[in-house]
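Residue numbers (my numbering): 7 to 352. Glycine residues also receive a C-beta, built at the ideal position from the N, C-alpha and C atoms. Remember, it's a predicted structure, so these values are computed and weren't measured experimentally. Below is one structure, written out as structure tokens; the observations come after it.
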Ligand code: ADP
Ligand code: MG
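Structure, rendered in structure tokens:
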């Protein structure tokens with residue numbers, strides 16, 4: 007076969023192979039876009055774990071009418087415009103490939119109204135968005151509707167597990183996002199049943215309530231609240247008391263600059279902080295938020311951006327380990343509600 011340039015649609019489907027593995031990836035990408043748009047309230051409607059329908063509506067900044075088709079263009083983003091900006095990116099997205107990838111393996115519509123605009127427009131994502139833009143009624147903000155995921159990629163469809171399993175993954179994604187941005191109200195329905203309704207949490211008691219609704223009371227009742235700043239890093243959140251450590255590493259949430267990440271270095275640093283007080287087969291449970299200058303982290307290490315690279319991992323690891331160690335060693339370490347009188351962890 008001669009070498010030839012692949013058509014755009016096929017390029018997007020190939021990219022979707024990395025970015026859109028299952029309905030949970032769609033939910034993650036759309037939620038991240040809503041957060042990047044500054045939403046304070048997000049509604050998520052799912053059918054059949056998101057395979058049949060995933061509709062996400064936010065009250066964020068919206069997309070101007072003439073930019074709607076660009077939202078579906080590959081490598082088109084409003085979030086960065088230079089290498090310098092990439093190196094200190096603070097938004098969750100920046101690659102400009104989620105929407106075109108999702109649109110290439112589903113039926114997709116974007117409806118949006120800018121806060122300052124008096125009209126909303128809808129773009130039909132069929133055919134790379136060449137379906138055109140039409141005026142519709144919609145409050146300020148954006149709704150992205152994704153239907154029939156993988157209808158045109160049967161191989162991918164066959165890899166999907168049962169609705170129950172896929173929905174479990176979706177739920178995990180939503181819960182991580184809900185923990186990462188407590189100030190954003192979230193409502194979720196699945197097959198017309200409401201399954202989550204989280205009001206915006208700002209006051210310490212509200213934050214604790216959100217954590218316990220996601221992680222369970224058993225966790226929050228037995229957790230210590232910590233907050234420590236050093237060397238330009240801030241670590242705050244909840245750590246389980248050592249005697250309530252778990253038999254599996256199944257309750258470990260780590261957020262770096264507001265992004266849910268899975269990072270062996272950080273999870274290892276937390277565990278190291280518990281080392282002296284934990285039985286061999288026990289695992290710490292935690293919900294921790296680490297914040298630092300975005301320029302110290304490379305988030306462009308993986309298409310789904312759940313992995314990060316620290317420019318200097320050593321000091322980060324030490325800071326996390328020492329902070330955890332000191333917090334759980336404190337005699338009668340404060341209970342989870344103890345920060346109520348202190349500084350807001352918001
Ligand atoms: P990225 O998030 O990496 O920029 P996406 O393909 O996810 O790429 O989105 C493309 C662009 O569409 C974004 O840069 C943003 O300008 C716009 N966009 C997508 N979703 C929303 C939303 N919910 N609200 C406002 N703008 C959005
Ligand atoms: Mg995005």
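For residue i: DSSP bridge partner residues
i	result
residue 254	Looking at the DSSP assignment, residue 254 forms no beta bridge with any residue, so it has no partner.
residue 297	240
residue 167	Residue 167 pairs with nothing; no bridge assigned.
residue 177	Note: residue 177 sits in no beta bridge, so no partner.
residue 147	119
residue 200	195
Residue i versus residue j - alpha carbon distance
i	j	result
residue 146	residue 62	14 Å
residue 81	residue 122	26 Å
residue 188	residue 213	7 Å
residue 34	residue 40	10 Å
residue 165	residue 55	14 Å
residue 8	residue 303	41 Å
residue 25	residue 266	16 Å
residue 305	residue 219	29 Å
residue 153	residue 196	14 Å
residue 64	residue 51	12 Å
residue 278	residue 249	16 Å
residue 142	residue 155	24 Å
residue 235	residue 96	20 Å
residue 295	residue 259	8 Å
residue 110	residue 264	29 Å
residue 200	residue 175	17 Å
residue 125	residue 223	45 Å
Sequence-distant residues of the same chain with beta carbon closer than 7 Å to residue i, five excluded per side
i	result
residue 44	66, 67
residue 336	none
residue 237	321, 325
residue 89	none
residue 246	225, 228, 229, 290, 291, 292
residue 301	93, 94
residue 330	245, 276, 279, 280
Beta carbon proximity, residue i to chain D, threshold 8 Å
i	result
residue 77	Of the protein chains in this structure there is only one, and it is not chain D.
Cβ separation of residue i and residue j, assumed to be a contact under 8 Å, to the nearest whole Å
i	j	result
residue 69	residue 120	7 Å
residue 22	residue 134	Not a contact, Cβ separation roughly 13 Å.
residue 253	residue 287	7 Å
residue 367	residue 310	The chain is shown from 7 up to 352; residue 367 falls before or after that span and cannot be answered.
residue 313	residue 269	7 Å
residue 317	residue 172	Actually they are not in contact, since the Cβ atoms of residue 317 and residue 172 sit about 36 Å apart, beyond 8 Å.
Other residues of its chain near residue i: CB distance less than 8 Å, five sequence neighbours each side excluded
i	result
residue 191	46, 47, 48, 204, 205, 206
residue 20	12
residue 83	99, 100, 101, 102
Proximal residues to residue i (C-beta, below 6 Å), its chain only, five neighbours per side dropped
i	result
residue 150	36, 62, 116
residue 193	49, 203
residue 315	304, 307
residue 381	Nothing in the structure corresponds to residue 381, since the chain is present only between 7 and 352.
Residues around ligand 3, please: the ones whose beta-carbon is closer than 6 Å to some heavy atom of it, in chain order. Because ligand 3 does not appear in the structure shown, any question about it cannot be addressed here, the ligands present being ligand 1 and ligand 2.
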